[in-house]
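Remarks on the structure that follows.
There are 2 protein chains.
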Amino acid sequence: MKKPAKDEFAALRLDNQLCFPLYAASRLVIKLYKPFLDRHGLTYTQYIAMMALWEKDDVAVSELGERLFLDSGTLTPLLKKLEASGFIRRERDAADERTVRIQLTGQGKKLQKAMVDVPRQMASCVHIERDDAGNLHELLHDLIRNLSRPSRCSEES
Amino acid sequence: MKKPAKDEFAALRLDNQLCFPLYAASRLVIKLYKPFLDRHGLTYTQYIAMMALWEKDDVAVSELGERLFLDSGTLTPLLKKLEASGFIRRERDAADERTVRIQLTGQGKKLQKAMVDVPRQMASCVHIERDDAGNLHELLHDLIRNLSRPSRCSEES
DNA sequence: TACAATTAAATTGAATACAATTTAATTGTA
DNA sequence: TACAATTAAATTGTATTCAATTTAATTGTA
Numbered sequence: 034m035k036k037p038a039k040d041e042f043a044a045l046r047l048d049n050q051l052c053f054p055l056y057a058a059s060r061l062v063i064k065l066y067k068p069f070l071d072r073h074g075l076t077y078t079q080y081i082a083m084m085a086l087w088e089k090d091d092v093a094v095s096e097l098g099e100r101l102f103l104d105s106g107t108l109t110p111l112l113k114k115l116e117a118s119g120f121i122r123r124e125r126d127a128a129d130e131r132t133v134r135i136q137l138t139g140q141g142k143k144l145q146k147a148m149v150d151v152p153r154q155m156a157s158c159v160h161i162e163r164d165d166a167g168n169l170h171e172l173l174h175d176l177i178r179n180l181s182r183p184s185r186c187s188e189e190s
Numbered sequence: 034m035k036k037p038a039k040d041e042f043a044a045l046r047l048d049n050q051l052c053f054p055l056y057a058a059s060r061l062v063i064k065l066y067k068p069f070l071d072r073h074g075l076t077y078t079q080y081i082a083m084m085a086l087w088e089k090d091d092v093a094v095s096e097l098g099e100r101l102f103l104d105s106g107t108l109t110p111l112l113k114k115l116e117a118s119g120f121i122r123r124e125r126d127a128a129d130e131r132t133v134r135i136q137l138t139g140q141g142k143k144l145q146k147a148m149v150d151v152p153r154q155m156a157s158c159v160h161i162e163r164d165d166a167g168n169l170h171e172l173l174h175d176l177i178r179n180l181s182r183p184s185r186c187s188e189e190s
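Order-wise, the sequence lines are chains B and A.
Numbering of the first sequence is given in our numbering, commencing with residue 34 and proceeding in unit increments.
Numbering of the second sequence is given in our numbering, commencing with residue 34 and proceeding in unit increments.
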């Protein structure tokens, strides 16, 4: 004789999720980048790797991975492609042969100047209020800070 | 004699992007889902496909794709796996043989009851203020609405 | 009604993601 | 100093994503 509430499964509706819009928006924005990145021969992941290197050159694969939240399983093949494209060099650290250091080539540095307008071009596609962009930015960074910590869950499975 | 502004490349810094935190947060949350989904034998993408089907059963692949922003290239192999797991059936529509309709099996329907606590369990891991979650939710939905429209960019390249 | 245009899935190929394992180098310590 | 433990990349295997192409079915129209 159970009388289920109308919203017994409300929490399982896509529109009530936080993760789904995050996932959908992320993929939609990345798709929007494609024509701008294609011109320069980069994928989106390669682009953020280059951005990280423009900010700080000569870093270990692991340090790049911490910045981008990616591991060597993703980065190793990606960095080999960026090396094959001539944008970076990969060199074992002489002081610690376990470490591979990533360095920008001249061509990799020139790429930054060539791509300096990409963020503005993208912004012209997205149409978001400055305040909304600021709020979204802050909320996402809070969430990432939150998620980057170990944080134990009360799983009680 | 050029005197570049100190922030000539500020727009290319990772911390000034909207897309990067979107992409990072999305992957971090999906990673957090993994232990909860593993117990039920689902990946994250399979989970949102099941959520869409729990809301509306007996839909075409294309309709499911519109809901999830995924195309047949992603969905076809994913749905074959869900079928192999016994959660759905895939059947050609008798009235239009081009269309494949997706239907929940009894096992697929039972899975909803088994997973009804997953959102609450996840919420206990994320620690986000109710207001922040609401704001983030609204901002993301606005962004998705914005991105789903054709919207022409002033590329001027 | 032939048949070109369109549509829906499926397929193909390239590039991620990521868990788990392996390899090689370094570090800590008995 | 041997050598177990640790660390950093690389590798392996599974599962997406997505653009582009292909296949098969349907629709519109001359």
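Even glycine gets a Cβ: it sits at the ideal position worked out from N, Cα and C.
Small disclaimer: the values here were computed from a predicted structure and weren't measured.
In terms of Cα proximity to A/Arg122, the closest of A/Asp90, A/Asp175, A/Glu41 and A/His160 is A/Asp90. Taking 9 Å as the cut-off, the Cβ atoms of A/Tyr56 and B/Val62 count as close. In the three-state DSSP reduction, A/Glu124 falls in the strand class (E or B). Taking 9 Å as the threshold, the shortest C-beta distance from B/Phe120 to chain A does not fall below it. Within chain A, not a single residue places a beta-carbon under 9 Å from that of B/Ser95; the smallest gap is close to 17 Å.
Put simply, the CB of A/Ser181 is near chain B, with a gap under 9 Å to one of its CB atoms. Contact annotation: in the stretch 136-168 of chain B, residues whose CB is within less than 8 Å of a CB in chain A are Gln145, Met148, Val149, Val151, Pro152, Arg153, Gln154, Met155, Ser157, Cys158, Val159, His160, Ile161, Asp165, Ala166 and Asn168. For B/His170, a Cβ of chain A is located within less than 9 Å of the residue's own Cβ.
One finds Arg46 and Leu47 in chain B with Cβ atoms closer than 8 Å to the Cβ of A/Glu88, taken in chain order. Straight across, the Cα-Cα distance linking B/Leu176 with A/Thr76 is about 22 Å. For A/Pro110, the nearest beta carbon of chain B is not closer than 9 Å to its own beta carbon. DSSP lists A/Arg134 as the bridge partner or partners of A/Ala93.
At a cut-off of 9 Å between beta carbons, A/Asp71 makes no contact with chain B. Taking one beta carbon from each stretch, the stretch 43-51 of chain A and the stretch 145-164 of chain B have 3 or more pairs nearer than 8 Å; the two touch.
Neighbours of A/Val62 in chain B, taken as residues whose beta carbon is under 9 Å from its own, are Leu51, Cys52, Leu55, Tyr56, Leu176 and Leu180 in chain order. DSSP, read as helix, strand or coil, puts B/His73 in coil. The continuous alpha helix (DSSP H) containing A/Arg178 extends over residues Arg163 to Ser181. Residue burial is scored here from C-beta neighbours: B/Pro54 has at least 16 other C-beta atoms within 10 angstroms and is therefore classed as buried.
Put simply, the backbone Cα of A/Val94 is about 24 Å away from that of A/Lys146. A straight line joining the alpha-carbon of A/Lys143 with that of B/Arg100 spans about 41 Å.
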